[in-house]
Each structure stands twice: as structure tokens, then as C-alpha cells.
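**Q** This is the structure, below, for whatever I ask next.
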Amino acid sequence: MNSLLLTGIGELVSNHPGTGDGTPLGLLRDAAVVVEHGRVAWTGAATRAPAADTSYDVGGRAVIPGFVDSHSHLVFAGDRAEEFAARMTGTPYTAGGIRTTVYATRAATDEQLAANVARHVGEMRRQGTTTVEIKSGYGLTVADEARSLAIARQATRETTFLGAHVVPPEYALDPAGYVDLVTGPMLDACAPYARWVDVFCETGAFDADQARTILRAGEARGLAGRLHANQLGPGPGVRLACELGLAAVDHCTYLSDADVDALAGSGTVATLLPGVEFSTRSPYPDARRLLDAGCRVALASDCNPGSSYTSSMPLCIALAVREMRMTPAEALHAATRGGAAALRRDDVGHLADGAAADLVVLDAPSYLHLAYRPGVPLVHQVFVGGAATL
Ligand SMILES: [Zn+2]
């Protein structure tokens, strides 16, 4: 048997409320973790830790569960740095900018797209992300969406079919025809590579009726639904997500009282993506309102070349604390256990016995430093399935 003892942990975030200080983070001081067969086998006081085959002393550093980034768009080519620069001098962000990336992605080879995904997943890993969801959505043809998902599937099991990202230019005069394509031949080609189906439900993209049609078609093919909604303005997407019992509805920047009530009364996770508001200089979602209403909240990067070209979950945590009035504990929980809930995963995002041994050693005495020291590389080591990766 190959067991590993991680010891010398100054502060352990277990996200297991039954242990440690009794808070949702389940904090333990002077702790140890035993890993066996890639899973957490024991957590507790370092002085009571059982023996293991090998041991690794983290020297008083903090250890947290690996981040679960439940929303990214990593299958793309090119970048939109010029668009970002223009935006910073006053050009507003619109959904139409996505088409710029569609042209570049269609022109790229499979090898170029796969290399780009691997590069970004590596970048995420070095910043502490151990589970990532990846969407298609920059191909928007049957062949380009299917190859996007086949490439994403090489990097993660959390793949999402987002053929309904925007209506591509060749269907500009026939959006109903494009919905038929998405729900027909494109879904047929993509379903084998996808776990999830998603729609950008927003003015300039798809309306609620189109979203409902596409989500139902995906569900009929075994894909569970999630939704982009209420990013650029108020809309019906959040209530639709709650009505359909989707795992998550993402963005949630413009919410009515009815939207918040619907979220609070549902099992749907509200995923907040503050990298978008940062990068588009837009008002942040009101996280405090959602948390105080009892909604489940996740934080994710939305890493994509247009509206949020950051892969950094620590940045998202810092923004959530500074700009969205989440506490550091709420933000870390949302970036780990919240992301896992948004992906309907019980095996990641926490370090209770039996969980995947996906954990991050911070070069800091406390998780508080994630928000307290923004922009500083605090990731000392990342374990995935109990194996050190850095
Ligand atoms: Zn997105």
C-alpha cells in the first residue's frame, strides 16, 4: 500500500463542517492529512496522525482543497487584446465580440487548439485549480463544435456543449435554422464528448424560448443543463434555470427580487464570475444579497479570450472579497465546494475522508492571504489524486 502523510500543516481548510472549528470551512490548526490510493484517508491533529509509507512536511503552511473552476472556455485560438484595450478607452462589451474568436478557432488546427487547452490548464494548475470545466462554443459548426469537445475531453471529464454561444454569421438571417442545427446534427455529433449542455441566454445571443428548446434537446441526449444568464442586463435566464432545476446558472449580475427568490428556493447554484466584471469594467454581481438570501454561490474564472482572460481563481477570490463583499471564508468556499456543487460533484472541493486528494499547499500561514495578498503567487505545491504536480 502506498500512503502519504502530509504533516506540519499550520492551517487546514477541510470544507467539512463536522471537523475542526465547526464553520463551513472546517478549519484545523497544526493538522495532518493521510492520503491512500489517491483519496483522503484521514485528517486530524498532526500529533495523532497515523504512520504512512512516506511523509511530506509542509513547514507550517496552509493547505486548502484544490480550486474547482466550474466555468471556462479554453478551446479557442487567437486573443482579443486589442478589443480589451479599446474597451479600456470606452468601447462597451457586447456578445458579438465572440465572433472574432470563432473565426480564429475555425482556422486553427486540432494540434493548435489542443496545445492551447493544455497551456491554459497548466496555467490553472500552477494557480491551484485541480478540477476545471471546459466549454465548446467557438466553433459553431457541427465539425468545429465536435472537435472542440473532443479536445476538451482530453483535459477534463467536465465538458460542456455550448453550440448556443452566439448565432454564427452564416445564420444571421436564420436564427431558427441555427437552433435546429444545434438541437439536431450538432448535438448528435457533440453529445458523445459532453457531460453538460449550456446556452448563452442574453440579448444578442439566445432568448428564453430558444434556451429552453436547446436545454431540453440536450437533456434528451443525456446532457445535464447549465446556463449563462443575466450578465449584460436583466432577463429571464435565472428563473428559467431554477424552473428547469439546472445545476448552475452563471453570471447573475443583474437580478430582480424574483430571481433571488427563485435561486434561494432552488438547488441551482449561482455562479459568479468577477473576472468578467473586472475585465469589462462592469458593475459586479451582488454576492452579499445572494448569500444573505440563502442562495448557493460558486466562484469561477470564466477564462476566455474576450471578457475574462484570467485563469486565476485566487484573483477571483480577491475580487469577490474586495468588490463583492464576500468574506474570505465565503469566497474560498465558493471557489472550492461551491464549484463542486455547480458541477454536482461530491468527490472534490473538500477534504473529508474519501474525497479526492486534490489539495493545494499555500506559501502562506492562512487561506486569508489569498485575498489579503492579491496578485502574489502563493501556490507552493499542488497535489492531484495525492500526487505532487509542481
Ligand atoms: Zn462563459
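Numbering (full-length UniProt numbering), first residue to last: 1 to 390. Each residue gets a CB set at the ideal place from its N, CA and C atoms; glycine is no exception.
#1: Does DSSP classify E83 as helix, strand or coil?
#2: For the putative contact between L370 and P65, defined by C-beta atoms under 8 Å, what is the C-beta separation to the nearest angstrom?
#3: So the candidates are L28, V249, T89 and P274; which of them puts its Cα closest to the Cα of V321?
#4: Just the Cα atoms here: how many angstroms apart are A340 and L5?
#5: What does DSSP give as the partner residues of L28 in its beta bridges?
#6: Return helix, strand or coil for H251, following the three-state DSSP convention.
#7: Please report the distance separating the alpha-carbon of E323 from that of V63.
#8: Rounded to whole angstroms, what's the CA-CA distance from A262 to V238? Just pull it up for me.
#9: Cβ atoms of F161 and D209: under 8 Å apart, would you say?
#10: With which residues is G225 paired in a DSSP beta bridge?
#11: Starting from L290 and walking both ways along the alpha helix (DSSP H), at which residues does that stretch end?
#12: For M124, which residues of its own chain have a beta-carbon under 7 Å away from its beta-carbon, when the five flanking residues on both sides are left out?
#13: Return the Cβ separation of A77 and N116 in integer angstroms, given the expectation that the two are a contact with Cβ distance under 8 Å.
#14: Check whether the Cβ atoms of Y103 and A146 sit closer than 8 Å, and answer yes or no.
#15: What span of residues does the beta strand (DSSP E) with F67 cover, start to end?
#16: Rounded to the nearest angstrom, how far is the Cβ of residue 444 from that of G139, given a contact under 8 Å?
#17: Classify V269 as helix, strand or coil using the three-state DSSP reduction.
#18: By Cβ distance below 7 Å, which residues in the same chain neighbour C242 in space, the five residues on each side in sequence not counted?
#19: Which residue from L343, P314 and D174 puts its Cα closest to that of L332?
#20: Quick check: the Cα distance between P305 and A46, rounded to an integer number of angstroms?
#21: Based on the DSSP secondary-structure assignment, which residues constitute the bridge partners of E36?
#22: On the premise that G386 lies in contact with G38, defined as a C-beta separation below 8 Å, what is that separation, rounded to the nearest angstrom?
#23: Assuming F67 contacts A335 under a Cβ cut-off of 8 Å, what Cβ separation, rounded to an integer in Å, is found between them?
#24: Using the three-state DSSP reduction, which class does L378 fall into: helix, strand or coil?
#25: If you reduce the DSSP assignment to three classes, tell me which class L299 lands in.
#26: Run the CB neighbour count on T91, radius 10 Å, all protein chains shown included, and call it buried at 16 or more, exposed below.
#27: Below 8 Å between beta carbons: does that hold for T203 and L232?
#28: In the DSSP assignment, find the unbroken alpha helix (DSSP H) run with T159 in it and report its ends.
#29: Please work out which residues of its chain come closer than 6 Å, Cβ to Cβ, to P374, disregarding the five sequence neighbours upstream and downstream, and give them in chain order.
#30: Taking C-beta to C-beta, are S148 and V35 nearer than 8 Å?
**A** With the structure as the only source:
#1: helix
#2: At roughly 12 Å, the Cβ-Cβ gap does not stay under 8 Å, so L370 and P65 are not in contact.
#3: P274
#4: 25 Å
#5: L12
#6: strand
#7: 25 Å
#8: 8 Å
#9: no
#10: V197
#11: A287 to D292
#12: D69, V132 and S311
#13: 6 Å
#14: no
#15: F67 to D69
#16: Absent from the model: residue 444. The displayed extent of the chain is 1 to 390, so no value can be given.
#17: strand
#18: A262, L263, S266 and T268
#19: P314
#20: 44 Å
#21: S3 and R39
#22: 5 Å
#23: 5 Å
#24: coil
#25: strand
#26: exposed
#27: yes
#28: Counting along the chain, T159 falls outside any alpha helix (DSSP H), though it belongs to the beta strand (DSSP E) covering T159 to A164.
#29: A318
#30: no
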